[in-house]
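Working notes, beginning with the structure itself.
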Amino acid sequence: MAKSKGNPFPRVFVNTTLVVICLLWLIPTLGLFVSSFRPRDEIMSSGWWTILPHRVWVTTEQFTPDPSIDRTGVMNFEGATGTFEQLRQGVESPDGKRVVWIGNRRAGTVQVQEKQWTGIPATTLQNYRDVLVGKNVTIEGNAEEAARKGEDMADAFINSMAVTFPAVVIPILMAAFAAYGFAWMRFPGRKLVFALMVALLVVPLQIALVPVLTDYVHLKLNGTYMSVWLAHTGFGLPLAVFLLYNYISTLPREIMEAAIVDGASHFKIFWRLVLPLSTPALASFAIFQFLWVWNDYLVALIFIGNVPGVQVLTMRLADMVGSRGSDWHLLTAGGFVSMLLPLIVFFSLQRYFVRGLTAGSVK
Amino acid sequence: MTLLNPDADEHSAELARARRRRNRAIFTLLAGIVAAIVLFEGFFLLRDSRAPKLVVALFAMIWGGGGMAILYLIANQLVEFTSSQWQRRLTPVVFVAPAIAFVVYFLALPAVRTFIASLFDRDGSNFVGLANYITVFTEPFMLVTFRNNVLWIVFGASFTIIFGLLVAALADRSKFENLAKAIIFMPMAISLVGAGVIWKFIYAVRDPSDVQIGLLNAIVTALGGEPQAWIAMLQPWNNLFLIVIVVWMQTGYAMVLFSAAIKSVPTDIIEAARVDGAGEFKIFFSIIIPSIMGTVVTVSATVIIFTLKIFDVVLVMTGGQYGTDVIATQFYNQYFVNRNFGLGSAIAIILLLTVVPVMVYNLRQFNKRETL
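Protein chains in written order, with our numbering: chain C, 1 to 363; chain L, 364 to 735.
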C-alpha cells in the first residue's frame, strides 16, 4: 500500500476528522454512563461534563460589610470596586479574586471567592440500587419519596434472559435444516419457495402482529414467554435461513459428493458434516438474533403487554421514560443496565457479527 | 437338498429382515408419537409454568432445541423405511417443511389476514371495502405521518450513507482504524429504547433560570442562546432531532459494509491514478465510489427499510406527539390505542406495500447471483 508515501497533510486531516467524529459518537453514551454514577442531587444541579477537572469559584471568606459604607455609591472590597448592582453580579479584583454581594442592599453579606480546581467528583451506586431492587428503597431527604418502590429491573433482566435465550436457540436448528435442504437437495419448487423466503426478509412485523395476537388470545398464550419465543422464531427464520444458506451452499461440493458416494444419507451428512462446518455461520446468526431479541420492544410490547412479572428490560425502561421522565438518576442507570449484556456480547463476538452483517445485508 | 437350501434360507432370511424392518418402523412411529406428545405437553407446561424463570428458560431451550432435533431424527427415520422413490420425495419435506410452516404462519398468512381485516370497519363487523384506505390517504394526520416518513427516508438514509462512507474512507487511512470503527459501531448493540434514553438526556430542557443539564441546551445557553424544547418545537424540524438518533445508530452498519467494499477495490488502480497525479478526493469520487456502487445501493436499501419501519425511537421520545408520528407508530396508535382495527390494518398494509420495491430488488439480486 502507498499509505506510507502519502504526504503528511492528509494524515493529520484524516486523524483529526476521525477523532472529531468518534467523539461525537462516543459522547452521548459517555454522558449516560457518567451520569448513572453521579448522586441524584448532582445530576440535577450540574451537567455531567462538569466532572472533568475545571476551575470554579470557591468562597474563601464571607463577611458583613461595615454599616457605615455608602451603599448607593462605588464600594471597594479586597481590591474589587463596583456599585451595588455590579457587585451583585460579581466583580473580579486585579489579583484574581472575585467579590460577590449576597442578599439585599441593606442587610447583605459579601463573599470573597477564589478560583480553585475541582476535586474528585462524588460517585454513588445508589442509582443502580434504586433501579435494580424491587422492594422498597429508602431515599434520604424528601419524605414523600422515602419509601418509594424500586424499579425492579433485576426482575426485568431475568425476564429478558428467559425470553432471549430460547428465542435464539429454537430457530437455529430449524433454519440449518431448511438451509441445507435448499442448498443441497433437488426438489420441485425449490427455487420458488426459497425466493419467497428471501422476499419475506423485509416484511414489516406490523403486518403479522394482529392476526398472531388474535390466535394467541384464543390459545391463552399472550403474556407468556412462550408467545415471544414462537413469534421471534417465526420472524427470525427468513434471515436465519438466508444467512445459513449463503454459508452452507458454498461448502465444497467435493466433500458432499464424497460422502454421498460413501452411502451416507442426507441426514447423516447434515448432522456429521454440515452442522459442524457451519459453526461460524451459526454463531453469527446467534449473535444477530440475540441482539435483535434482547433489544426488541415492539414484539414484547404486543405479545407480553401489561402482564406484570413478565416485562422485559426494554419495556421497563420505556415505562420509566413515561413515568419518571425527569428522574435522570434512574433513567441513566436503568439505561445502562439494559445495555450491559448486549455490549458485552457485541464486543466479545464482534468478528462473527460483522461477518453476518456482510453476508446478509438485506434485513 | 443342498442345491435348494440356499434359496429357502434366503427366503426365510428375507422374511425375517422384512419383519424386523416392520417392527423397527412401528417402534420408530411409536417413539415419534411419544416424542410429539411429550413436546406438546411441554408446550402447556411451559405456557402455564410457575417455576423460577431461569429454570423455565433452560427447559425451553432444551424443549426447543432438543425437541426439534428429536422430531427431525424420527421423521427422517420414518422416511427411510419407505421405498427409495418415496424417500427422494419425502426427505426434502422433512428438512424444509418445519421452517416453511413457521414462516407461513407468522409472516405470509398474517399478511393476508391483515389485508382482509383492513376491508372491514373499526371493530371488524361490517365490510367497508376500501374506505379505510381512503381515510389513510386523505386524513390530515395521515398526511403528516407520510410527510414524516419521507423526512426519515431522505435525511435518515442520506446522512447514514454519507457518514458511513466518510468514516470508512478515513478509517482505511488511519492507524486507529479498529478503535475508530469499534466506537462508531457500538450504538448498534444498544436497543432503540436505550438510545432514546441516551438522546433524551442530550435534548433535556429546563426552565431558563435553572442550570441546563442537557448537553445541547448547555451549549446553546453557553453561546448566549435560549434553551429550547428540541423535540417539541419547530415542527416539522423536530423530526430531525429524532432522525439524528437513528443516524447515530445505523452509521456503524453502513461503515462496516463500505469498509469491506473499499478494501476490495484493487490497489493497483488507485496506485496508477496516484502516479498520474490524481488527488485523494479525485481518487475517492472517480475510482472508489464507482467501484463500490453495488454496496452503496444495498446499504441504501437496507437503511431505507429500517427507517421505514422505525417505531421504538418515536414511541419512546414523543409517543408520536408534536407532529412526529410515523407509519409504524400510527399503526400502533390506531390499532392498540384507538382500537380502530380496520384503519390500523390498512396502515400496516400500506407499510408492507412501501417495502415491496426493495423486496423485488432483493429477489432480482438473488436470482442474478444464483445464475452466475
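Beta carbons: idealized from backbone N, C-alpha and C, even for Gly. These figures come from a predicted structure and were not determined experimentally.
Task: Euclidean distance between Cα positions of residue 459(L) and residue 680(L) - done: By one-based count along the second sequence, residue 459(L) stands at place 96. By one-based count along the second sequence, residue 680(L) stands at place 317. Whole-angstrom Cα-Cα distance: 42 Å.
Task: Rounded distance between the beta-carbons of residue 291(C) and residue 552(L), thought under 8 Å - done: Residue numbering aside, residue 552(L) sits at position 189 when the second sequence is read from its first letter. Residue numbering aside, residue 291(C) sits at position 291 when the first sequence is read from its first letter. Indeed, because the Cβ distance is near 6 Å, the residues count as touching under 8 Å.
Open item on the list: For a quick check, are the C-beta atoms of residue 153(C) and residue 343(C) less than 8 Å apart?
Closed with: Translated into positions along the first sequence, residue 153(C) becomes position 153. Translated into positions along the first sequence, residue 343(C) becomes position 343. Result no, Cβ atoms of residue 153(C) and residue 343(C) do not sit closer than 8 Å.
Open item on the list: Can you pull the chain B neighbours of residue 557(L), defined as C-beta to C-beta under 8 Å?
Closed with: Chain labels in this structure do not include chain B; the protein chains are C and L.
Task: When 279(C), 267(C) and 225(C) are compared against residue 436(L), the one with the closest alpha-carbon - done: For this step, residue 436(L) is matched to residue 73 along the second sequence. Comparing Cα positions, the closest option is 267(C).
TODO: Report the partner residues of residue 62(C) according to the DSSP bridge assignment.
DONE: For the purposes of this step, residue 62(C) is taken as the residue at position 62 of the first sequence. Answer is 111(C).
TODO: In the DSSP assignment, find the alpha helix (DSSP H) that holds residue 302(C) and state where it starts and stops.
DONE: Sequence index remark: in the first sequence, residue 302(C) carries index 302 (1-based). Where residue 302(C) is concerned, the enclosing alpha helix (DSSP H) stretches over 298-303.
TODO: Could you tell me the boundaries of the alpha helix (DSSP H) in which residue 172(C) lies?
DONE: Here residue 172(C) is taken as the residue at index 172 of the first sequence, counted from 1. In the DSSP annotation of this structure, the continuous segment of the alpha helix (DSSP H) that includes residue 172(C) starts and ends at 153-184.
Open item on the list: What are the residues in the segment 463-479 of chain L lying within 8 Å of chain C by C-beta distance?
Closed with: Listed by position along the chain: 463, 465, 466, 468, 469, 470, 471, 472, 473, 474, 476 and 477.
- [ ] Count the CB pairs spanning the segment 556-570 of chain L and the segment 668-686 of chain L that are closer than 8 Å, and state whether there are at least three.
- [x] With a cut-off of 8 Å on Cβ pairs, the segment 556-570 of chain L is in contact with the segment 668-686 of chain L, counting three or more such pairs.
Open item on the list: Please report whether the beta-carbon of residue 674(L) lies at a distance below 8 Å from any beta-carbon of chain C.
Closed with: Reading the second sequence from its first residue, position 311 is the one you call residue 674(L). Using beta-carbon distances, residue 674(L) counts as an interface residue toward chain C, with a partner under 8 Å.
Open item on the list: Does chain L have any CB closer than 8 Å to the CB of residue 132(C)?
Closed with: Position 132 of the first sequence holds residue 132(C). For residue 132(C), the answer is no, since every Cβ of chain L falls outside 8 Å of its Cβ.
- [ ] Could you say if the segment 708-722 of chain L and the segment 657-673 of chain L meet the contact criterion of at least three C-beta pairs nearer than 8 Å?
- [x] The segment 708-722 of chain L and the segment 657-673 of chain L touch, with no fewer than 3 CB-CB distances between them shorter than 8 Å.
Open item on the list: Please report the straight-line C-alpha distance between residue 418(C) and residue 600(L), rounded to a whole angstrom.
Closed with: Coverage of chain C is limited to positions 1 through 363, which leaves residue 418(C) absent and any answer about it impossible.
Task: N-terminal and C-terminal residue of the alpha helix (DSSP H) that residue 680(L) is part of - done: Along the second sequence, one-based indexing puts residue 680(L) at 317. In this chain, the alpha helix (DSSP H) harbouring residue 680(L) covers 675-680.
Open item on the list: Given this structure, state the Cα-to-Cα distance separating residue 144(C) from residue 328(C), to the nearest angstrom.
Closed with: In the first sequence, the residue the question calls residue 144(C) occupies position 144. In the first sequence, the residue the question calls residue 328(C) occupies position 328. Any reading at residue 144(C) must be qualified, since the residue scores a pLDDT of 49, below 50, and its modelled position is unreliable; no value is offered.
- [ ] Would you verify that the beta carbon of residue 153(C) is, or is not, closer than 8 Å to some beta carbon of chain L?
- [x] Within the first sequence, numbered from 1, the residue matching residue 153(C) stands at position 153. False, the Cβ-Cβ gap to chain L never drops below 8 Å.
Task: Enclosing alpha helix (DSSP H) for residue 82(C) [first to last residue] - done: Counting from one through the first sequence, the residue named residue 82(C) turns up at place 82. It is not in any alpha helix (DSSP H) - residue 82(C) instead sits in the beta strand (DSSP E) that spans 80-82.
Task: residue 714(L) beta carbon near the ligand PLP (any heavy atom closer than 7 Å) - done: Ligands in the displayed structure: none, and consequently the ligand PLP is not present.
Task: residue 574(L): first and last residue of the uninterrupted beta strand (DSSP E) it sits in - done: Counting from 1 along the second sequence, the entry for residue 574(L) is found at position 211. No beta strand (DSSP E) holds residue 574(L); DSSP gives it neither H nor E.
- [ ] Grab me the residues of residue 225(C)'s own chain with a C-beta within less than 6 Å of its C-beta, minus the 5 sequence neighbours each way, in chain order.
- [x] Sequence index remark: in the first sequence, residue 225(C) carries index 225 (1-based). Cβ within range, chain order: 162 and 163.
TODO: Pick helix, strand or coil for residue 716(L), following the three-state DSSP scheme.
DONE: As a first step, residue 716(L) is located in the second sequence; it is residue number 353 there, counting from the start. Here residue 716(L) sits in helix by DSSP.
- [ ] Can you tell me which of 177(C), 200(C) and 231(C) puts its alpha carbon nearest to the alpha carbon of residue 275(C)?
- [x] For the purposes of this step, residue 275(C) is taken as residue 275 along the first sequence, with counting starting at 1. Residue 177(C) holds the alpha-carbon nearest to the alpha-carbon of residue 275(C) among 177(C), 200(C) and 231(C).
Task: Residue burial classification, residue 97(C) (beta-carbon count within 10 angstroms, cutoff 16) - done: Within the first sequence, the letter at position 97 stands for residue 97(C). A buried status is given to residue 97(C), since no fewer than 16 other beta-carbon atoms sit within 10 Å of its beta-carbon.
- [ ] Check the Cβ of residue 233(C) against every Cβ in chain L and list those closer than 7 Å, keeping chain order.
- [x] Counting from 1 along the first sequence, the entry for residue 233(C) is found at position 233. Residues of chain L passing the Cβ test: 465.
TODO: Could you pull out every unbroken alpha helix (DSSP H) segment of at least 4 residues lying fully inside the segment 555-629 of chain L, listed in chain order?
DONE: DSSP runs (the alpha helix (DSSP H)) wholly in the segment 555-629 of chain L: 555-566, 578-585 and 601-626.
Open item on the list: Is there a C-beta anywhere in chain L that falls below 8 Å from the one on residue 414(C)?
Closed with: No information on residue 414(C) is available, as it lies outside the stretch 1 to 363 that chain C covers here.
Task: Per-residue DSSP class, three states only, for residue 328(L) - done: Here chain L has residues from 364 to 735 only, and residue 328(L) is not among them.
- [ ] Kindly confirm or deny that the segment 695-712 of chain L and the segment 198-209 of chain C touch, where touching means at least three C-beta pairs closer than 8 Å.
- [x] The segment 695-712 of chain L is in contact with the segment 198-209 of chain C.
- [ ] Count the other C-beta atoms from every protein chain shown that fall within 10 angstroms of the C-beta of residue 563(L), then say buried if there are 16 or more, exposed otherwise.
- [x] The residue given as residue 563(L) occupies position 200 in the second sequence. Burial call: buried.
- [ ] Using a Cβ-Cβ cut-off of less than 7 Å, give me the residues of the segment 82-107 of chain C that come near chain L, in sequence order.
- [x] Cβ contacts with chain L: none found.
Task: Three-state secondary structure assigned by DSSP to residue 222(C) - done: Position 222 of the first sequence, counting from 1, holds the residue named residue 222(C). Per DSSP, reduced to three states, the secondary structure at residue 222(C) is coil, with no helix or strand assignment.
TODO: Please report how far the alpha carbon of residue 576(L) lies from the alpha carbon of residue 426(L), in whole angstroms.
DONE: In the second sequence, the residue the question calls residue 576(L) occupies position 213. In the second sequence, the residue the question calls residue 426(L) occupies position 63. Answer to the nearest angstrom: the Cα atoms are 49 Å apart.
Open item on the list: Is it the case that the segment 648-666 of chain L contacts the segment 516-525 of chain L, given that we only count it when at least three CB pairs across the two stretches are under 8 Å?
Closed with: In the pairwise beta carbon analysis, the segment 516-525 of chain L is classified as touching the segment 648-666 of chain L: at least three pairs are separated by under 8 Å.
Open item on the list: By the DSSP assignment, the alpha helix (DSSP H) with residue 510(L) in it spans what residues?
Closed with: Numbered from 1 along the second sequence, position 147 holds the residue referred to as residue 510(L). Membership of residue 510(L) in the alpha helix (DSSP H) is indicated by the continuous run 503-514.
Open item on the list: I need the boundaries of the beta strand (DSSP E) containing residue 105(C), first residue and last residue.
Closed with: Residue mapping note: residue 105(C) aligns to position 105 of the first sequence, counting from 1. Annotation for residue 105(C): no beta strand (DSSP E) segment contains it, and DSSP assigns it neither H nor E.
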